[in-house]
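Undergrad: Below you will find the structure I want to go over with you.
Residue numbers (the working numbering): 738 to 931.
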């Protein structure tokens with residue numbers, strides 16, 4: 738009994754600490770689930786607006802999603818979707834801004850590779866080949882090596898470096914991940930003839 742009197746308060750405190758810890762953990766899990774569901778709902782609204790061709794509403798909803806739920810995967814996906822639609826609507830500065838934001842905030846290395854590639858293409862569309870080259874030079878692109886080489890070729894060609902472009906295109910053609918081999922073959926043939 739003396740042992741229980743001495744140890745009882747400590748045992749009670751330990752049980753309370755475990756219960757509080759478990760309750761806090763459950764609360765945190767529920768908050769994470771609610772946040773994810775709210776972000777998913779907002780993302781579906783972004784998709785719906787953009788798929789209906791309502792770029793202003795889709796962009797506004799994407800901006801809100803990024804602001805309200807920045808640490809969810811839906812924020813990056815919303816920016817990527819809005820950037821794609823911006824490119825389709827020839828709003829390249831908006832697309833570049835969104836892609837830079839994703840590049841700066843994502844921790845997913847594969848996504849960074851894809852976003853760098855898309856941003857480089859947007860910059861080429863904005864007639865900024867030097868900036869596009871900076872994005873693709875020296876990047877360990879792994880599975881995207883051929884695509885990076887093709888963009889490098891496009892940037893070099895835009896700068897007037899036909900020999901460098903031809904070399905980059907041939908490097909791209911040698912890779913396995915070429916999206917459009919026929920178009921790449923046409924680029925190589927055109928430069929090889931001159």
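Backbone N, C-alpha and C define an ideal beta-carbon position, used for all residues, glycine too.
Three-state secondary structure (DSSP) at residue 844?
TA: coil
Undergrad: DSSP three-state label for residue 702, please.
TA: The chain is shown from 738 up to 931; residue 702 falls before or after that span and cannot be answered.
Undergrad: Which residue from 872, 802, 826 puts its Cα closest to that of residue 840?
TA: 872
Undergrad: Assuming residue 862 and residue 829 make a contact with CB atoms under 8 angstroms, what is their CB distance in whole Å?
TA: 5 angstroms
Undergrad: What are the complete alpha helix (DSSP H) segments, minimum 4 residues, inside the segment 867-908?
TA: 882-895
Undergrad: Please check the pair residue 860 and residue 868, which I expect to be a contact at CB under 8 angstroms, by giving their CB distance rounded to whole angstroms.
TA: Right, their Cβ atoms sit about 5 angstroms apart.
Undergrad: Let me know the secondary structure DSSP gives residue 862 once reduced to three states.
TA: In the structure shown, residue 862 sits in a helix (DSSP, three-state: H, G or I).
Undergrad: Measuring alpha carbon to alpha carbon, tell me which residue in 832, 806, 743 is nearest residue 778.
TA: Closest option to residue 778, judged by alpha-carbon separation, among 832, 806, 743: 806.
Undergrad: Report the CB separation of residue 802 from residue 815 in whole angstroms; it is logged as a contact under 8 angstroms.
TA: 5 angstroms
Undergrad: Beta-carbon separation of residue 821 and residue 813 under 9 angstroms?
TA: Not closer than 9 angstroms, so no.
Undergrad: For residue 895, which residues of its own chain have a beta-carbon under 7 angstroms away from its beta-carbon, when the five flanking residues on both sides are left out?
TA: The answer, listed in chain order, is 861, 866.
Undergrad: On the three-state DSSP scale, how would you describe residue 788?
TA: helix
Undergrad: Apart from the five residues just before and just after residue 782, which ones in its own chain have a Cβ nearer than 6 angstroms to its Cβ?
TA: 798
Undergrad: Need the endpoints of the alpha helix (DSSP H) that residue 918 sits in, please.
TA: First-last of the alpha helix (DSSP H) with residue 918: 918-930.
Undergrad: Around the C-beta of residue 935, are 16 or more other C-beta atoms found within 10 angstroms, so that it is buried, or is it exposed?
TA: There is simply no residue 935 to check, as the chain begins at 738 and stops at 931 in what is shown.
Undergrad: Restricting to Cα atoms, I'd like to know which of 910, 925, 884 is closest to residue 903.
TA: The closest CA to that of residue 903, considering only 910, 925, 884, is found on 925.
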